[in-house]
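S.K.:
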Amino acid sequence: MRDPELKKQRDTLIYQRYCQLWGEQQLREEVIWPILTNEFHLTARTIYRIILDQTKQPGSSANKLLP
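Here the sequence shown is numbered in my numbering, starting from 1 and rising by one per residue.
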């Protein structure tokens, strides 16, 4: 993806969906990866990298998931 703004939006959407599946619906990661790969048409490895990058960002919602 060449447009950095679109990439940022896509990455944010992927991370929000991951947080919803893992945090709110309490699904296991073995169930989450196939859902995300089908929804976003990306490999599990790419999605995993995006999620790791998003958790390193300041102000990410990762801290909201922790008790």
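All residues carry an ideal CB built from backbone N, CA and C; glycine is no exception.
Roughly how many angstroms separate the alpha carbons of THR43 and ARG10, rounded to a whole number?
M.R.: Along the sequence shown, read from residue 1 onward, the residue named residue 43 stands at position 43. Along the sequence shown, read from residue 1 onward, the residue named residue 10 stands at position 10. Approximately 14 Å between the Cα atoms of the pair.
S.K.: So what does DSSP say about ASP11, is it helix, strand or coil?
M.R.: Position 11 of the sequence shown, counting from 1, holds the residue named residue 11. Helix, per DSSP.
S.K.: Rounded to the nearest angstrom, what separates ARG28 and CYS19 at their Cα positions?
M.R.: Along the sequence shown, read from residue 1 onward, the residue named residue 28 stands at position 28. Along the sequence shown, read from residue 1 onward, the residue named residue 19 stands at position 19. Distance between the alpha carbons of ARG28 and CYS19: 12 Å.
S.K.: Is it buried or exposed, LEU21, if we count other Cβ atoms within 10 angstroms and call 16 or more buried?
M.R.: Here the question's residue 21 lines up with position 21 in the sequence shown. By the neighbour-count rule (16 or more Cβ atoms within 10 Å), LEU21 is buried.
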